[in-house]
Amino acid sequence: MSHPTDVTKFIEDLDGGVLAERLGKVLSHAAASATDNPKNKAKVSIDLTVENVDSVSRVGITHKLAFKIPTEHGTQSEEHTTETVMCVNTGGEMTLEPKNQFDMIGHPYRDKNPYQEKH
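Numbering follows our numbering, with no gaps: position 114 of the sequence shown is 114.
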């Protein structure tokens, strides 16, 4: 594996950034609840499932964020599951867009704007 996935970028890309935002809120809530209820523990977990999506260069990432947080009279728990399709680049690196995507803008062989007047 010569090109590892950038984990920070990967987490930020899952569910369009919603997973990272939700994780931040859940972690803060878990810390506050554990502080308010010192005899009990809070648990936060992220479960990732990676599976092929009808091609060689794309995978579906199913991500489940679950938490169990102590309350004064018991616990509060919730889980949320969504999926994001990621591209698999050289060496298994996962990104939201393929790194080998052909960029049509800025290539030297591209003609001038066809709508531009000729002088």
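Positions of the beta carbon are idealized from the N, C-alpha and C atoms, including for glycine.
8 Å Cβ shell around residue 85 - same chain, five flanking residues per side excluded: 53, 58, 59, 60 and 61
When we look at the beta-carbon of residue 63 and count the other beta-carbons within 10 Å, is it buried (16 or more) or exposed? buried
Alpha-carbon spacing of residue 46 relative to residue 37, whole angstroms: 23 Å
Just the Cα atoms here: how many angstroms apart are residue 15 and residue 82? 7 Å
Could you give the DSSP three-state label for residue 77: helix, strand or coil? strand
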